[in-house]
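Before any comments, here is the structure.
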Amino acid sequence: METETKTAPPQADVGTTGHEWDGIHELNTPLPRWWLWLFYATIVWSIGYWIVYPSWPLIKSYTGGAFAWNSRAAVDADVGALQTQRAPLMAKLAAAPLAEIESTPQLLDFARTVGRRAFADNCAPCHGAGGGGAKGYPNLTDDVWLWGGKLADIEQTIRHGIRSGDDKGHQGAMPAFGRDGMLKPDDISAVTDYVRSLSGLATAPGADLGRGAKVFADNCTPCHGPQAKGNRDVGAPNLTSQVWLYGPDRKAIYDGVWNGHGGVMPAWDGKLDNATIKALTVYVHTFGGGEK
Amino acid sequence: MTEHAVEGSGHAPLASLVDEAARTTHGGGSAPPPPDEYDEGPLYAARKTIYPQSVHGTFRRIKWTVLVVTLGIYYLLPFVRWDRGPNAPHQAVLVDFPGRRFYFFFIEIWPQEVYYLTGLLIIAAVTLFLMNAVAGRVWCGYLCPQTVWTDLFVAIERWIQGDRREHLLADREPWTFERAARAASKHFWWIIIAWWTGGAWVLYFADAPTLVKNLATFQAPPVAYAFIGLLTFTTYTLAGWMREQVCIYMCPWPRIQAALTDEYALNVTYRYDRGEPRASLKKAAALHAAGRPAGDCIECLQCVHVCPTGVDIRGGADLGCIQCGLCIDACDAVMKKIGRPPRLIAYDTDVNIRNRQQGKPVFFKIVRTRTLLYAAIIALVGSVMTYALATRRSDGLSVIHDRNPMYVRLSDGGVRNAYAIRILNKTLQTQNFVLTLSGLPDAKVDVIGAEAGSGGDPVIEVGPDQTREMRVLVTTHAALAPEASIPIVFTVTAGNAGISAAAGDHFVGP
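Structure below.
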């Protein structure tokens, strides 16, 4: 297209870079000098980092920086600030009776929040992230409690544990009836079927439930009770319920009678502070199975 | 960086290069420079100070009006009150970071509703495109904060140090006490304005009257002082010292808009069809006498002297040109004085200039595919946002099923599932929500920390403008199919407020 010259000629004081695309030349317009100075300024600025922050590795240590700042101390300060912020509520938790914590919405929310963190840190490895438990580790969300499900019971168990070596901890274990020669395999087999029948589970063909009942009455009732409803004083489970800590299958029950049981729950008194233990108690109690 | 990699920037008139190329290619005009004349000059250069001359006219009046209105809004808006009732702030526009709320007159936005902002940004971007397709860099020339504040700072400069000629001459003289005093006075007022600008900024983030009082008595939080300092610095630097360099070197928009304009878009344009060939009045008279053509441009350079970015508009479309229209005012004044028709520089289109050259009629085509599309996008996004805002719920419910355990077997054979529900109460009153469940036979619903109301269903109290998370236990003794997963629906209803929200989940069995 042939057009009239519509412009002044390119500024005489601006040359081209020598680049050319399809007849279009690129003017060489210099950048402003302050742009260059900004670049130098960033380099100077970076020297400040060497001085202020930990930077240079030495043979055995490192330069600590002018203000001895480090990220670990910064985290400590943040945690400290959080603890200060929480301190009034933590003090209330430590002072209030458990029942009052649960009936005061603000304290309940706070206890459950603190409890959730403490549970995840300390309890979840065995009892599961949501308290669902695993084989041999009780499910804390159901309504079955070996040692009691009231607030005071749960607090007692958390503080002093079970077979934990703590003097105030829960004691008592299921004896190893087979291994220690107290019962013969046939008796154990019979009592296994009898126990399964108590909660409506299928028994082996030709099982002698009468013999099983007799073995049970002679050996098991001191702890599990004549009705097999269990006894929380010694942590003996109710054998008529649908919930089985070690599983309801025949082999699991037989092995239990043969080898006995005696899982350990650590004592947390002293490891966790008073307010945290109370928060954990409320948290576990409000999983859903807590007893009034 | 090689010495050839420096890109052409603000003062490189694109059109002039194209034309030079055209002349070269078609054998007219000058030949390309031989290689040894290629510029090996400096990569960096000092800024050439621009002394924009004052000007009067239509576009200057428009710019003053826009300046007063926009700055007025900026400085005064934080003090506008808006009554929202007892449980909310009374500031019309407030970004409440600690409370995680944004208030804009009758609108209150929660963090999870930040998509309103997304919609606003889409509309803003497409509006920029539309402005560009219709009338060029309207944003840059009149509305951009950089332009508005620079305009204000230049006005202060002229007030204290005089107009272009006086200031330029003074700068060439050695320093005197008077010159130093004037310079100091200018910087003082610049800093006052910059400080006021930073001060107004922080008022959008807290109750304005309270914060003003606290700032004055040195009881405001340090972050407020820090931000005032920061914005004082940026305003003073950008509007006082950087000025056109922000547009030319720092802003991406000039680059983008160059790709958005077209030959039908109105742009501040030198009508070279009328102006060329340039000739002084005397020379023009001589040319006319000799029967040769002479254009209307008399090379008075008024258009260049008033330009705040130092552009020669006669060089054609230019990245440095913010299209503020001040050269139109300057040229019109000259044309009036010498008795020629105004608007030698005007809002015009490339197509019309060509048409005039070829004797064809001029026309303005605002309705084009691109303007229609931009308008359609704005209308669409605007409608969606308006609809979303009009139907914004004042409550909400979300449910998460417990993952461990998924279900709990009870000793009596029942099955229980646990859920965490969160109720949102966006009203400014405390509400009592009744929780009900549907979809599960023989279901019993318990909420930890909430009592059953008169209807037997749990009642959950949620404070004004708050959310509350609760643990919900759902138990059934109905016979379930193996590995059952039953869809259920939770509903919370606040009868007093007439609001209700529902959320679905599943009840799983062994």
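Which chain is which? The protein sequence lines are X and C, in order. My numbering numbers the first residue of the first sequence as 1 and each following residue consecutively. My numbering numbers the first residue of the second sequence as 1001 and each following residue consecutively. Ideal Cβ placement from N, Cα and C applies to all residues, glycine included. As the structure is a prediction and not an experimental result, all values here were calculated from the model.
Which residues of chain X have a Cβ atom closer than 8 Å to the Cβ of L1473/C, listed in chain order? Taking the second sequence and counting its residues from 1, the one referred to as residue 1473/C is at position 473. Here the neighbours are G288.
Let me make sure I understand the geometry here. Which of Y1407/C, D1402/C, S1383/C has the alpha-carbon closest to that of G1119/C? Taking the second sequence and counting its residues from 1, the one referred to as residue 1119/C is at position 119. That would be S1383/C, whose Cα lies nearest to the Cα of G1119/C.
State the DSSP-derived secondary structure class of T1493/C, mapped to helix, strand or coil. One-based indexing of the second sequence puts residue 1493/C at position 493. Here T1493/C sits in strand by DSSP.
When the Cα atoms are used, what is the spatial distance from D1083/C to F1105/C? By 1-based counting over the second sequence, the position of residue 1083/C is 83. By 1-based counting over the second sequence, the position of residue 1105/C is 105. In a straight line, the C-alpha of D1083/C is about 9 Å away from that of F1105/C.
Excluding five sequence neighbours on each side, which residues of the same chain lie with their C-beta closer than 7 Å to the C-beta of T7/X? In the first sequence, residue 7/X corresponds to position 7, counting from 1. Only weak support exists for where T7/X lies, its pLDDT of 42 falling under 50; the value from the coordinates is given anyway. Contacts found: none.
Would V234/X and V215/X qualify as a contact pair, given that the criterion is a beta-carbon distance under 9 Å? What you label residue 234/X is simply residue 234 of the first sequence in a count that begins at 1. What you label residue 215/X is simply residue 215 of the first sequence in a count that begins at 1. No, Cβ-Cβ distance for V234/X and V215/X is not below 9 Å.
Rounded to a whole number of angstroms, what is the C-alpha to C-alpha distance between G1027/C and W34/X? Counted from its first residue, the second sequence places residue 1027/C at position 27. Counted from its first residue, the first sequence places residue 34/X at position 34. The predicted model places G1027/C with a pLDDT of 39, which falls under 50 and marks its position as unreliable; any figure quoted below should be read in that light. About 41 Å.
Can you pull out the residues from the stretch 216-239 of chain X whose beta carbon lies closer than 9 Å to at least one beta carbon of chain C? N238
When the distance is taken between beta carbons, is P1089/C closer than 9 Å to Y948/C? As displayed, chain C neither begins before 1001 nor continues past 1510, which places residue 948/C out of reach and without an answer.
Starting from the C-beta of T1127/C, find all residues in its chain whose C-beta is less than 7 Å away, skip the five residues before and the five after it, and write them out in chain order. As a position in the second sequence, residue 1127/C is number 127, starting the count at 1. The residues are I1378.
Is T203/X near R196/X, with beta carbons less than 9 Å apart? Reading the first sequence from its first residue, position 203 is the one you call residue 203/X. Reading the first sequence from its first residue, position 196 is the one you call residue 196/X. In contact: T203/X and R196/X (Cβ atoms closer than 9 Å).
CB contact below 9 Å: S1411/C versus chain X: By one-based count along the second sequence, residue 1411/C stands at place 411. It does: the Cβ of S1411/C has a partner Cβ on chain X nearer than 9 Å.
Chain X within 9 Å of G1339/C, Cβ atoms only: Taking the second sequence and counting its residues from 1, one reaches residue 1339/C at position 339. False, the Cβ-Cβ gap to chain X never drops below 9 Å.
Would you please verify whether the beta carbon of L31/X is less than 9 Å from any beta carbon of chain C? If you number the first sequence from 1, residue 31/X lands on position 31. Yes, L31/X counts as interfacial toward chain C.
Less than 9 Å between CB atoms is the rule here; does L36/X satisfy it with respect to chain C? Position 36 of the first sequence, counting from 1, holds the residue named residue 36/X. Yes - at least one Cβ of chain C is within 9 Å of the one on L36/X.
Quick check: the Cα distance between T1024/C and Y1115/C, rounded to an integer number of angstroms? In the second sequence, the residue the question calls residue 1024/C occupies position 24. In the second sequence, the residue the question calls residue 1115/C occupies position 115. Since pLDDT at T1024/C reaches only 39, below the 50 mark, its modelled position is unreliable, and no value is offered.
Going by beta carbon distance, what residues of the same chain come within less than 8 Å of A1265/C, once the five residues before and after it are set aside? Position 265 of the second sequence holds residue 1265/C. Contacts found: N1132, A1133, V1134, A1135, G1136, T1349.
Cross-chain neighbours of A41/X in chain C, by beta carbon under 8 Å: Within the first sequence, numbered from 1, the residue matching residue 41/X stands at position 41. Result: empty, since nearest Cβ-Cβ is about 13 Å, beyond 8 Å.
For G1320/C versus K1048/C, is the C-beta spacing smaller than 9 Å? By 1-based counting over the second sequence, the position of residue 1320/C is 320. By 1-based counting over the second sequence, the position of residue 1048/C is 48. Not closer than 9 Å, so no.
Using 9 Å as the limit for Cβ to Cβ distance, is V1445/C near chain X? In the second sequence, residue 1445/C corresponds to position 445, counting from 1. V1445/C does not count as touching chain X.
Measuring only between beta-carbons, confirm whether G1041/C sits less than 9 Å from chain X. Translated into the one-based positions of the second sequence, residue 1041/C becomes position 41. Yes - at least one Cβ of chain X is within 9 Å of the one on G1041/C.
Straight-line CA distance for A1286/C to P1277/C? One-based indexing of the second sequence puts residue 1286/C at position 286. One-based indexing of the second sequence puts residue 1277/C at position 277. Approximately 13 Å, taken between the alpha carbons.
For I1499/C, which three-state DSSP category applies? Counting from 1 along the second sequence, the entry for residue 1499/C is found at position 499. Here I1499/C sits in strand by DSSP.
Can you check the stretch 1338-1393 of chain C for any alpha helix (DSSP H) of at least 4 residues that lies completely inside it and give the ranges in chain order? 1350-1357, 1369-1390
Express the C-alpha separation of L1143/C and F1129/C in angstroms, rounding to a whole number. Mapped onto the second sequence, residue 1129/C falls at position 129. Mapped onto the second sequence, residue 1143/C falls at position 143. Roughly 14 Å between the two C-alpha positions.
Interfacial residues, the stretch 132-143 of chain X to chain C, with Cβ spacing under 7 Å: G132, N139, T141, D142, D143
What's the gap between the Cα of Q1323/C and the Cα of I1421/C? Stepping through the second sequence from its first residue, residue 1323/C is reached at position 323. Stepping through the second sequence from its first residue, residue 1421/C is reached at position 421. So the two alpha carbons sit approximately 56 Å from each other.
Name the one or two DSSP bridge partners that T104/X has. The residue labelled residue 104/X in the question sits at position 104 within the first sequence. Its beta-bridge partners do not exist; DSSP assigns none.
In three-state DSSP terms, what is N1267/C? Taking the first residue of the second sequence as 1, we reach residue 1267/C at position 267. Three-state DSSP puts N1267/C in a strand.
Going by DSSP in three states, G1027/C sits in which element: helix, strand or coil? Position 27 of the second sequence, counting from 1, holds the residue named residue 1027/C. Its pLDDT being 39, under 50, G1027/C is placed unreliably in this model, and the value from its coordinates should be taken loosely. Of the three classes helix, strand and coil, the one that applies to G1027/C here is coil, per DSSP.
Which of the three DSSP states, helix, strand or coil, is assigned to I253/X? In the first sequence, residue 253/X corresponds to position 253, counting from 1. Looking at I253/X - three-state DSSP - the assignment turns out to be helix.
Q1431/C by DSSP, collapsed to three states: which one? On the second sequence, residue 1431/C is found 431 positions in, with the first residue counted as 1. Q1431/C falls in the strand class under three-state DSSP.
So which of G1453/C, T1261/C, G1295/C has the shortest CA-CA distance to G1275/C? Translated into positions along the second sequence, residue 1275/C becomes position 275. Measuring from the Cα of G1275/C, the nearest candidate turns out to be G1295/C.
Kindly indicate which three-state DSSP category I1423/C falls into: helix, strand or coil? The residue given as residue 1423/C occupies position 423 in the second sequence. Looking at I1423/C - three-state DSSP - the assignment turns out to be strand.
Own chain residues within Cβ distance below 6 Å of T240/X, not counting five before or after: Taking the first sequence and counting its residues from 1, the one referred to as residue 240/X is at position 240. L198, S199, A228.
Chain-ordered chain C contacts of V243/X [CB-CB under 8 Å]: In the first sequence, residue 243/X corresponds to position 243, counting from 1. The answer, in chain order, is R1409, L1410, S1411.
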